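**Q**
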Amino acid sequence: MSAMDTLTIKTENKFRSLISKRAYTKGELICEIPTEKVVNKANRYTVQIERDKHTNVGKLAALNHSCDPNVILDTEHLLMYACKDIEKGEELSFFYPATEWEMDAPFICLCGSSSCIHVVAGARFLPLSTLEHHFLNKHIREMMIELLENTEQHLSKIIS
Ligand SMILES: [Zn+2]
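Using my numbering, the letters of the sequence shown correspond one by one to residues 9 to 168.
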């Protein structure tokens with residue numbers, strides 16, 4: 009049985025979710041992230057794995073966003089881990105801004121978590137005080153640093 013066989017897609021009123029057929033403990037590897045088709049632009053079915061690389065991820069496209077997620081997608085090593093203990097039959101979710109810089113289809117989150125970010129549009133639209141509480145992938149960290157370093161030009165505009 010491959011790791012992917014432990015995951016199943018549930019569809020309810022056209023709303024898809026990814027359900028785990030077994031329990032996982034926090035920190036446990038769940039599966040590899042499939043890179044079925046790599047494209048250079050985000051769409052609602054892709055996960056961003058590098059600055060200019062977005063990939064179709066097969067079954068994992070059914071993963072919903074949560075502001076209080078139970079899985080982490082490590083796009084540098086293409087692995088998905090449990091970041092909480094997960095029960096059999098539980099829905100899996102991850103924090104979309106951990107992989108997405110600017111999303112193609114932003115939406116309003118109604119997860120009800122006390123740490124809900126409300127507008128899910130990508131990491132570049134979130135304050136550092138929110139981002140610091142989440143695992144962020146390497147490409148997201150690099151783009152944040154780049155964004156901040158670009159602010160140096162404000163000084164040269166003022167003093168020149
Ligand atoms: Zn939320």
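Just so you know, even glycine gets a beta-carbon here, dropped at the ideal spot from N, CA and C. For clarity, every value in this text was computed on a predicted model and none was experimentally measured.
Tell me the start and end of each unbroken beta strand (DSSP E) in the segment 32-83 that is at least 3 residues and wholly inside, in chain order.
**A** DSSP runs (the beta strand (DSSP E)) wholly in the segment 32-83: 37-40, 45-47, 54-58, 61-64 and 79-82.
**Q** Along the chain, where does the beta strand (DSSP E) that runs through S24 open and close?
**A** Inspection of the sequence shows that residue 24 is occupied by Arg rather than by Ser. F23 to S28 is the extent of the beta strand (DSSP E) around R24.
**Q** How many angstroms separate the CA atom of V127 from the CA atom of C75?
**A** Cα to Cα, V127 sits roughly 10 Å from C75.
**Q** Let me have the residue list for ligand 3: C-beta closer than 6 Å to any non-hydrogen atom, ordered along the chain.
**A** As far as ligands go, the structure on display features ligand 1 and does not contain ligand 3.
**Q** One question on the structure: do A106 and K34 come within less than 7 Å of each other, judged by their Cβ atoms?
**A** Not a contact, by the Cβ cut-off of 7 Å.
**Q** Hey, P114 and A129: beta-carbon distance below 7 Å or not?
**A** Yes, the Cβ-Cβ distance between P114 and A129 is below 7 Å.
**Q** Are the Cβ atoms of T83 and I125 separated by less than 7 Å?
**A** No, the pair does not count as a contact, with Cβ atoms beyond the cut-off.
**Q** Thinking C-beta only, is R30 closer than 7 Å to T16?
**A** No, the Cβ-Cβ distance between T16 and R30 is not below 7 Å.
**Q** Where K18 and L155 are concerned, what is the direct C-alpha to C-alpha distance, given to the nearest angstrom?
**A** So the two alpha carbons sit approximately 38 Å from each other.
**Q** Suppose contacts are defined by Cβ-Cβ distances below 7 Å. Is V55 in contact with V65 by that definition?
**A** Yes. Within cutoff.
**Q** Shortest alpha-carbon distance to M151 belongs to which of L136, L163 and M88?
**A** Of L136, L163 and M88, the residue nearest in Cα terms is L136.
**Q** Label S28 either buried or exposed according to how many other C-beta atoms from any shown protein chain fall within 10 Å of its C-beta, with 16 as the threshold for buried.
**A** With 16 or more Cβ atoms within 10 Å of its Cβ, S28 is classed as buried.
**Q** If we call anything under 7 Å between Cβ atoms a contact, is F23 one with I80?
**A** Contact flag unset, no.
**Q** Starting from T169, follow the alpha helix (DSSP H) in both directions and report where the run begins and ends.
**A** The question about residue 169 has no answer here: the residues shown for the chain are numbered 9 through 168.
**Q** Could you check the C-alpha separation between L139 and Y104 for me, to the nearest Å?
**A** Cα-Cα distance, rounded: 11 Å.
**Q** Using only alpha-carbon positions, find the residue among S122, N21, L134 and E20 that is nearest to P77.
**A** Ranking the options by Cα distance to P77, first place goes to S122.
**Q** Quick one, are the C-beta atoms of N4 and S101 less than 7 Å apart?
**A** Within the shown structure, residues of the chain are numbered from 9 to 168, placing residue 4 beyond reach of any answer.
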